[in-house]
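Throughout the sequence shown, residue numbering follows this note's numbering, covering 155 to 544 in sequence.
C-beta: ideal position from N, C-alpha, C; glycine also.
A quick write-up on the structure given underneath.
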Amino acid sequence: MVITGLERILREPQVLSRAGRLGLLYNYASVNTRFESSADLIAARFPGRLRTLFGPQHGVGGTEQDNMRETGHGMHPYLNIPVYSLYSETRIPRPDMLESVDTVLVDIQDVGTRVYTFATTVLNLMHACAETGKAVFILDRPNPIDGKDVEGNILNPAFASFVGPFPIPMRHGMTLGELMALYHAELDIGCELEIITLGGWNPNTYFEDTGLPWILPSPNMPLVETAVVYPGQVILEGTNLSEGRGTTRPFEIWGAPFIEPGHVTNLLEKNCITGAVLRETDFKPTFNKWAGQHCRGYQIHVTDRELFRPFRATLAFISALLKLYPEEFRWSEPPYEYVSDKLPVDVILGDDRLRLDLEQGRSIEDLEHSWSEDLDKFLSLRSRFLLYPR
């Protein structure tokens with residue numbers, strides 16, 4: 155079984171002997187193997203030292219949906235310490251929020267995809283801690299969709315945002331600790347940073363192989379299967395297609411009222427849909443896009459994770475729909491994650507060039523070739539920050 159950074163500090167409390175007063179960035183998915191909350195465990199293991207809690211997007215309890223639905227601040231009901239939302243009127247801790255701590259622990263389950271706000275929240279925390287002289291300790295957790303596969307174009311810095319602050323691909327193949335080490339060095343952040351590493355994690359494996367319990371880290375990430383398709387299917391947030399929010403299988407199910415799946419299947423670039431079966435399905439979202447309306451589309455059933463390439467697959471879906479439904483298919487309008495002057499799909503993709511290429515009908519193979527050199531450069535950069543043998 156994999157030993158998380160959380161489990162390590164509980165077993166080896168001397169790791170925090172000089173950490174002083176503690177803060178904790180966490181949410182309801184931050185648990186040990188017995189499903190106990192990291193806040194409760196740290197408060198009990200280090201009596202009197204846990205002074206402040208911080209929560210990411212969706213709130214500590216995961217009650218809010220996507221895209222600028224903010225949460226407020228409060229007090230923990232029985233620990234009687236403040237809980238500050240870092241997805242509120244501020245997304246970077248104010249100095250007064252850090253006054254009572256010397257070190258902020260980070261125990262957050264990331265999902266291995268650039269477009270997921272938790273990593274940016276940790277980046278903002280590091281910036282704030284650098285300015286106030288505080289330390290950051292990352293209690294590392296596994297990348298649930300393995301630590302070897304990397305896919306997608308590299309973000310253009312001109313399109314940096316809360317869902318993509320630095321030039322990395324959509325699927326980066328790093329743990330949160332590794333990614334923060336990269337950000338810390340490449341952005342010259344300057345705070346004291348320590349990664350409490352995992353024990354026994356094999357980067358070639360998926361989350362099910364860790365022996366750890368999967369708790370959905372955000373409201374629409376219920377299963378590891380969701381995380382597997384997410385590096386591609388998150389792109390649908392920038393379109394008028396339902397990405398399956400409001401169904402029981404978000405991101406696996408997708409479609410719209412105007413889609414005829416048989417026609418889409420005939421037009422798909424078949425070499426782009428490997429390691430998966432597209433099963434035609436009908437569905438009616440209970441909320442979000444097309445709520446209450448009969449949609450047609452697909453459920454993605456991944457049959458071979460080694461072969462499946464989620465980013466490639468979703469680009470193929472969009473390419474086919476642009477050809478079949480030029481009047482019905484639409485890009486979503488801004489704002490998206492606090493960006494009001496760019497199309498959401500461009501924010502998600504980290505560039506407008508990819509959208510324009512899709513509109514012009516370029517093949518997915520050509521698109522992948524266009525960013526292959528940049529991807530190789532990222533792999534070289536990434537190699538300097540890998541904490542677990544690849």
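What three-state label does DSSP hand residue i in the structure shown?
i	result
P385	helix
D264	coil
S239	strand
T271	helix
T286	helix
S184	coil
S372	coil
W525	helix
E481	coil
Y490	strand
G318	strand
A445	coil
I157	strand
G191	Before going further, note that residue 191 is Ser rather than Gly in the sequence given. Correct three-state label for S191: strand.
Check the DSSP bridge columns for residue i and list the partner residues they point to.
i	result
W408	Y452
S396	G409
R516	For R516, which the question treats as bridged, DSSP gives no partner whatsoever.
I292	V260, I349
M229	P236
F208	L179, Y238
I472	The partner list for I472 (beta bridge, DSSP) is empty, contrary to what the question assumes.
A430	V456
D436	R450
R325	T267, E305
Measuring alpha carbon to alpha carbon, tell me which of the options ends up nearest residue i.
i	options	result
E406	N442, T351, H455, D506	H455
E305	G177, F483, R466	R466
M155	D506, N356, R536	N356
E513	I472, S534, D530, R450	I472
L476	K443, R516, S242	R516
R162	L195, L341, R175, L176	L195
T275	V237, F316, A381	F316
E460	S486, G429, L233, A339	G429
T385	G446, G365, L336, D300	Per the sequence shown, residue 385 should be read as Pro rather than Thr. Of G446, G365, L336, D300, the residue nearest in Cα terms is D300.
I350	R484, T244, L170	L170
T244	E348, R538, R223, T217	R223
Write down the C-beta distance between residue i and residue j rounded to the nearest angstrom, noting that I regard them as a contact closer than 8 Å.
i	j	result
N181	V214	5 Å
L259	L178	5 Å
L160	S192	5 Å
F313	D505	6 Å
A470	E423	5 Å
I292	G344	Actually they do not touch by this definition, with Cβ atoms about 16 Å apart.
P247	A282	4 Å
D261	F272	With 8 Å as the limit, D261 and F272 do not qualify as a contact, their Cβ atoms being about 11 Å apart.
Nearest-angstrom Cα distance between residue i and residue j?
i	j	result
T402	K496	31 Å
I518	Y452	20 Å
A474	D520	15 Å
D303	L541	16 Å
I389	Q168	44 Å
W368	L377	7 Å
H326	L508	18 Å
N221	Y492	8 Å
P411	L478	14 Å
K443	G174	47 Å
E482	D511	19 Å
E391	P498	8 Å
K529	I322	According to the sequence provided, residue 529 is Leu. The question's Lys does not apply to it. C-alpha separation (whole angstroms): 8 Å.
E522	R463	12 Å
K438	C449	6 Å
E397	S486	12 Å
T267	L336	15 Å
L370	A183	6 Å
T380	E346	34 Å
R205	L176	6 Å
M226	Y238	Note on residue identity: the sequence assigns Gly, not Met, to residue 226. Whole-angstrom Cα-Cα distance: 7 Å.
V431	P298	21 Å
R203	T217	28 Å
F200	R538	33 Å
V255	T329	25 Å
Going by the C-beta, is residue i closer than 7 Å to any heavy atom of the ligand COA?
i	result
W408	You won't find the ligand COA in this model; it holds no ligand whatsoever.
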